[in-house]
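Keeping their order, the protein sequence lines are chains A and B.
Numbers 1 to 367, taken from the numbering used here, label the letters of the first sequence in order.
Numbers 1001 to 1383, taken from the numbering used here, label the letters of the second sequence in order.
In this text, a Cβ means the ideal position worked out from N, Cα and C, and glycines have one as well.
Keep in mind the model is a prediction, meaning the values are calculated, not measured.
Presented below is the structure to which this report refers.
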Amino acid sequence: MLKKTFAAAAAAVLALTLAACGSDDKAAETPATTPTTAAATAPATDAETTAGGTDAAPTDAPPANVGTLPETDMSILKDAVIGFAQVGSESGWRSANTDDIKAAAEANGVKLQFTSAEGDQAKQIASIKTFITQDVDVIAFSPVVETGWDAVLEEAKAAGIPVILTDRGVTADPSLYKTFLGSDFIVEGEKAGTWAQTEFADATEVNYVVLEGTTGSAPANDRATGWDNILGAETKFKKLASQTGDFTRDGGKKVMEGFLAKYPNINLVYAHNDDMGLGAIEAIEAAGKVPGKDIKIVTVDAVKAGMQALADGKINFIVECSPLLGNQLFQAAAAVLNNQEIPARVLTIEGSFDQEQAKAALPDRKY
Amino acid sequence: MKHVLSNRLIWPALVLVALLLANLAFNHSFFNIRLQNGNLFGPLVDILRNAAPVVLVALGMTLVIATRGIDLSVGAVAAISGSWASMHIISSGDPSSVRVVLTAVGVALLMALVAGAWNGFLVSVLGIQPIVATLVLMTAGRGLAQIITSEKILYPDNSPAYKLIGGGYLLAVPFSILLAGIIFGLTAILTRRTALGTLIEAVGVNPEASRLAGIRSRSIIWIVYLFAGLLAGLAGLMLTSNSTSADPNSIGLFIELDAILAVVIGGTSLAGGRFSLAGTLIGAFIIEAMNTFVIQAISARATDVFKACVVIAVMILQSPQARAMVTGAFRGRKRAVVVPAGSVVSPGSAAISAPAPATPDTADGHTAATSDSILTKSSGTTS
């Protein structure tokens, strides 16, 4: 409980120093103006756990920039040297991300120079500098934090080496890198909201609770915004409560226990990631109710344990937040090396799963 | 003696009843317990189950505090044992095997005992102040837990045997409640039906004097830290089993404070030399009942503020000085007669630990003075 207080206090400090983000309601009214959200994410990048911290760069992402990668000749990658500086190995999501990039590099015959910064920006800058002196063909990295990249990116540009960002954005001048490849958390929230809209199309009243991610983190802010974009105007959807479960199973369980004690009539739980959803399942079962039936659950991520629960019928719907962006990364690299123009923002190819799809996808799930 | 004991427990018991009634006011089905699929469910069952780990840790803490010590490392010990057991179950490749779970539990509890032995060694053999000695493991323990889990959160899924400890049912009752109940019973028998309890209190009053009287105070102190370590380890298993997740940073985080709180609410003196296991039990229930009440009535974010309010309320109710003041105010002029009774105790101890005065088994004035001065020293750090 003290932990929650600290989280709340930290959030309060954040809110003060950053001249305050709007409340949930305000965010719902003005989904387009997200610069405050972006600012708030900067100091919190490392706090995200499961989601792997994909800062969806709402800073400079007018829809026009978002696009898909062009068809390109992948054979140029044969024996190309690509340096990849990873954040670290903080979660299962991140390990899956690393494995996928390594596998995709091998499939394309790329000579991959892989380094891991273990969450340390200085270390990551040092690896990028090494890549520059080695004169690699392309540099790709998943930045530890959003700020402080200008100098090293200028250096890469001067050396004529193209840079691709994966999974997390930076605040540097967009001309310093070719593209930013990663998920859009707002879209994820919208997918979850759309599912709820369809699922409860015939219901007259839906009482729901939200298990939020780490306060102030990009995935938490944007998944809430996306959800409210869809359901904010729906009067039959009543948000009983919304509280942070810190992206952990334990946190999700404790918060859900409180919700269950306070509200006897919950129909739906929206959890910002699978782990909190799994915690909610435990709390619902401990209260003698049936998760997936008495109380429906929708989550984001689609990690293996979540998919298992979905296949078992305890979760009703999962929106994917995929770490498997290796193929897209090397497609982007090939396009850059072929001197093709690529969009400044590319979204990870992601789907969503219902219970039947989960059963089918589960045996091949890598992470 | 019996009369005094019941008198001491009456205030915490009344607070507990008041809290339960307050809960009932907000949730009219609060006292409902239903049988579903052969198992008991209901808000009261939830409170008992959530209180179980705190009860365990607080029982160990009660005995440690009775020897005039304190154990800040219980949360970290819980993290070590919970992490190790989860790690073993996951890496065994066969989480559903009962044997794997028994090994995991056995080794985890052994590690907790080693941790307790370390604390006991520092305090009893090296004579380091308990608050400092246990602070070592409080910080180092979580680091150790992180090394065990390779800084990841572990999920001991698909292990019904492990799930039983903190989240399962036996004979319609949550297993954790049974476990905590049995351990409470055993502790009560061991300390109150044998001389052990009296020896612990004697050491708490004055270790040196009890040594001279023929009590092996060093062993007694060692035993209570071992016991506290073991129970903290068990609580760690219960917590990780309950949420099926072992996060080395959050298993049993601040549980030492809840435990100390339960002990103090229950009327055990931080000055040592006197303890009440039943009081500790009531204290742990008060904490859980209050958490439930605050979550229902106000907000989960406000629980800590209310915890503080209840502490103040219970301490004032237990304080002889405060009661004397109240009765004095009612009796008007007779107040002057009451004051000297309070002045026996040094002002420092009166401020911190309400039940400090009137240590019943105190040998003489000299010992009393020593215990008071030590209390004033350590209490500065606790508060």
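The straight-line gap separating the alpha-carbon atoms of ALA1079 (chain B) and GLY1236 (chain B) is approximately 6 Å. When secondary structure is reduced to three states using DSSP, VAL1054 (chain B) falls in the helix class. Of A:GLY279, A:GLY292 and A:GLY351, the smallest CA-CA separation from ALA302 (chain A) is found for A:GLY351. Here ILE230 (chain A) is near GLU190 (chain A), since their CB atoms are less than 8 Å apart. ARG94 (chain A) has a beta carbon lying at 8 Å or more from every beta carbon in chain B. For the region 1151-1178 of chain B, the residues whose beta carbon sits under 8 Å from a beta carbon of chain A are, in order, GLU1151, LYS1152, ILE1153, TYR1155, ASP1157 and GLY1167. Considering only beta carbons, no part of the region 1089-1113 of chain B lies closer than 7 Å to chain A. Around the beta carbon of GLU341 (chain A), fewer than 16 other beta carbons lie within 10 angstroms, which makes this residue exposed. Boundaries cannot be given for GLU341 (chain A), as no alpha helix (DSSP H) includes it and DSSP labels it neither H nor E. Contact annotation: in the region 1258-1273 of chain B, no residue has its CB less than 8 Å from a CB in chain A. Along the length of the region 221-263 of chain A, whole alpha helix (DSSP H) runs at least 4 residues long occupy 249-262, reported in chain order. Fewer than three pairs of CB atoms, one per stretch, sit closer than 8 Å, so the region 1036-1046 of chain B makes no contact with the region 1187-1200 of chain B. Under the 8 Å criterion on CB atoms, GLN1036 (chain B) is classed as interfacial with respect to chain A.
When the beta-carbon positions are compared, PRO1248 (chain B) and SER1083 (chain B) come within less than 8 Å of each other. Less than 8 Å separates the beta-carbon of ILE76 (chain A) from that of ASN338 (chain A).
Taking the beta carbon of ARG168 (chain A) as reference, no residue of chain B falls within 9 Å; the closest one sits roughly 20 Å away.
Sequence-distant partners of THR115 (chain A) (beyond 5 residues in either direction) whose C-beta falls short of 6 Å from its own C-beta, in its chain, are ALA85 and SER127. For ILE284 (chain A), the closest of A:VAL170, A:LYS262 and A:ALA305 by C-alpha to C-alpha distance is A:LYS262. The region 1155-1208 of chain B is shown to contain whole alpha helix (DSSP H) runs of 4 or more residues at 1160-1167, 1175-1192 and 1196-1205, in chain order. In the pairwise beta carbon analysis, the region 262-282 of chain A is classified as touching the region 197-217 of chain A: at least three pairs are separated by under 8 Å. When DSSP assignments are scanned along the region 1093-1123 of chain B, the uninterrupted stretches of alpha helix (DSSP H) that are 4 or more residues long and fall wholly within it turn out to be 1098-1120.
Residue ranges of uninterrupted alpha helix (DSSP H) with 4 or more members, entirely inside the region 138-166 of chain A and ordered along the chain, are 150-158.
Taking the beta carbon of PRO1248 (chain B) as reference, no residue of chain A falls within 9 Å; the closest one sits roughly 11 Å away. The Cβ atoms of GLN113 (chain A) and VAL136 (chain A) lie closer than 8 Å to each other. Here VAL1015 (chain B) is near VAL1310 (chain B), since their CB atoms are less than 8 Å apart. The Cβ-Cβ distance between PRO1160 (chain B) and SER1097 (chain B) does not fall below 8 Å.
Under the DSSP assignment, ARG1301 (chain B) falls outside any beta strand (DSSP E); it carries neither an H nor an E label. Chain A places a beta carbon closer than 8 Å to that of ALA1300 (chain B), counting this residue as a contact. GLU257 (chain A) and THR133 (chain A) have their C-alpha atoms spaced approximately 55 Å apart. Neighbours of ILE1295 (chain B) in chain A, taken as residues at a C-beta separation under 9 Å, are given in chain order as GLU257, GLY258, PHE259, ALA261 and LYS262. Beta-bridge partners assigned by DSSP to LYS111 (chain A): A:VAL81. Residues of chain A whose Cβ lies closer than 7 Å to the Cβ of PRO1043 (chain B) are, in chain order, ALA261. Rounded to the nearest whole angstrom, the C-alpha separation of ILE1090 (chain B) and ASP364 (chain A) is 20 Å.
In chain order, LEU211, GLY245 and GLY252 place their CB closer than 6 Å to the CB of MET276 (chain A), counting only its own chain and leaving out the 5 sequence neighbours on each side. For ILE132 (chain A), the secondary structure class from DSSP, reduced to helix, strand or coil, is helix.
A Cβ-Cβ separation of about 6 Å places VAL163 (chain A) in contact with LEU153 (chain A) under the 8 Å criterion.
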